[in-house]
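If you read the sequence shown in this note's numbering, its first letter stands for residue 173, the second for the next number, and so on.
Note that beta-carbon positions come from the ideal geometry of N, C-alpha and C, so glycine has one too.
No experiment lies behind these values; they were computed from the predicted model shown.
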Amino acid sequence: MNPILTAFARSPDRGRGLARDMRVRWALEEVGQPYDVQLVSFAEMKQPEHRSRHPFGQIPTYQEGDLTLFESGAIILHIAERHPGLLPTEANARARAITWMFAALNTVEPPIVEFGLASILERDKSWYETRQPMLESRVRVRLDELALRLGDAEWLDGAFSAGDLLMVTVLRRLDASGVLQSYPSLCAYIKRGEARPAYQRAFADQLAVFTNAV
Ligand code: GTB
Numbered sequence: 173m174n175p176i177l178t179a180f181a182r183s184p185d186r187g188r189g190l191a192r193d194m195r196v197r198w199a200l201e202e203v204g205q206p207y208d209v210q211l212v213s214f215a216e217m218k219q220p221e222h223r224s225r226h227p228f229g230q231i232p233t234y235q236e237g238d239l240t241l242f243e244s245g246a247i248i249l250h251i252a253e254r255h256p257g258l259l260p261t262e263a264n265a266r267a268r269a270i271t272w273m274f275a276a277l278n279t280v281e282p283p284i285v286e287f288g289l290a291s292i293l294e295r296d297k298s299w300y301e302t303r304q305p306m307l308e309s310r311v312r313v314r315l316d317e318l319a320l321r322l323g324d325a326e327w328l329d330g331a332f333s334a335g336d337l338l339m340v341t342v343l344r345r346l347d348a349s350g351v352l353q354s355y356p357s358l359c360a361y362i363k364r365g366e367a368r369p370a371y372q373r374a375f376a377d378q379l380a381v382f383t384n385a386v
């Protein structure tokens, strides 16, 4: 039986592949693991049935036999540990790739999410004009540091890994902000990720969900 991934029945990103099921889809495509998708509405996500899979009532979740996982990073680590293709086999290189997975999720994603959410949810607040530049500058600090480390390398640490997969999906959330324009090497890095056939299959599949829903 194929593993089952949950995803938004109607993603608010309108098929731009910004919801976190996209990164799991991409990981599954990279390793050649077929999967099924269960679409859930916002109301269904908060019902007991879905909360038994995800305590916070969110997507994505991942069911494989009697194993149920939530948290996109944990799901991708699970997939990467069970299939070749997303983590190096040499122990130290593998540990470094996992470090980049954590860096993407714990160090780079939080300021990006905070910046993005404020621009959607706080535009009408009195503090918006003061707070938004501060949030943007926190994002820019991380992007400066990341661009410095990446240099002119293709990927963060040798061959493409789950660390790159997560970092690219995290950076893509800045697409509409204009911030990435100051970082040509990061734009090229994102484009390399998006050019991977596995990414393209995953993107097309999540886009088809949106297109079929409208
Ligand atoms: N840390 C968890 C993980 O990595 O899996 C975070 C999971 C999460 O935030 N899930 C979101 C969710 O279920 C969807 S991805 N939200 C519904 C809720 O909490 O009630 C976040 C997301 C949503 C929408 C856009 N967008 O429209 O661009 C982008 C990202």
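Rounding to the nearest angstrom, what Cα-Cα distance links residue i and residue j in this structure?
i, j, result
"residue 295", "residue 243", "29 Å"
"residue 431", "residue 238", "Past the boundaries of the shown model lies residue 431; the chain is included only from 173 to 386, so the question cannot be answered."
"residue 200", "residue 174", "11 Å"
"residue 234", "residue 386", "25 Å"
"residue 211", "residue 366", "24 Å"
"residue 224", "residue 217", "10 Å"
"residue 271", "residue 195", "17 Å"
"residue 329", "residue 255", "19 Å"
"residue 280", "residue 370", "23 Å"
"residue 383", "residue 230", "22 Å"
"residue 326", "residue 203", "20 Å"
"residue 275", "residue 320", "15 Å"
"residue 322", "residue 220", "43 Å"
"residue 345", "residue 262", "31 Å"
"residue 350", "residue 376", "24 Å"
"residue 356", "residue 318", "12 Å"
"residue 222", "residue 324", "43 Å"
"residue 267", "residue 297", "43 Å"
"residue 352", "residue 363", "12 Å"
"residue 193", "residue 373", "13 Å"
"residue 300", "residue 313", "20 Å"
"residue 143", "residue 292", "Since the first residue shown for the chain is 173 and the last is 386, residue 143 is missing from the structure and cannot be characterised."
Got a sec, what are the start and stop residues for the alpha helix (DSSP H) residue i sits in?
i, result
"residue 261", "Premise fails: residue 261 is in no alpha helix (DSSP H) and is neither H nor E."
"residue 251", "244 to 254"
"residue 319", "300 to 322"
"residue 371", "369 to 385"
"residue 341", "334 to 344"
"residue 288", "281 to 293"
Starting from residue i, trace the beta strand (DSSP E) both ways and give me its first and last residue.
i, result
"residue 212", "208 to 212"
"residue 180", "176 to 180"
"residue 236", "233 to 236"
Would you check if the distance between the CB atom of residue i and the CB atom of residue j is smaller than 8 Å?
i, j, result
"residue 189", "residue 378", "yes"
"residue 245", "residue 343", "no"
"residue 208", "residue 251", "no"
"residue 247", "residue 227", "no"
"residue 249", "residue 273", "yes"
"residue 213", "residue 181", "yes"
Nearest to residue i by CA position, among the options, is which residue?
i, options, result
"residue 287", "262, 311, 325, 336", "311"
"residue 184", "328, 289, 331, 313", "289"
"residue 198", "336, 345, 360", "336"
"residue 253", "205, 298, 291", "205"
"residue 285", "187, 186, 191", "191"
"residue 394", "341, 354, 193", "Since the first and last residues shown for the chain are 173 and 386, residue 394 lies out of range."
Whole-angstrom Cβ separation of residue i and residue j, contact assumed at under 8 Å?
i, j, result
"residue 315", "residue 358", "6 Å"
"residue 269", "residue 334", "6 Å"
"residue 381", "residue 215", "Not really, about 17 Å apart at Cβ, beyond 8 Å."
"residue 283", "residue 307", "7 Å"
Using a Cβ-Cβ distance under 8 Å, would residue i count as near chain B?
i, result
"residue 356", "As a matter of chain content, chain B is missing from the structure shown, which is built from one protein chain."
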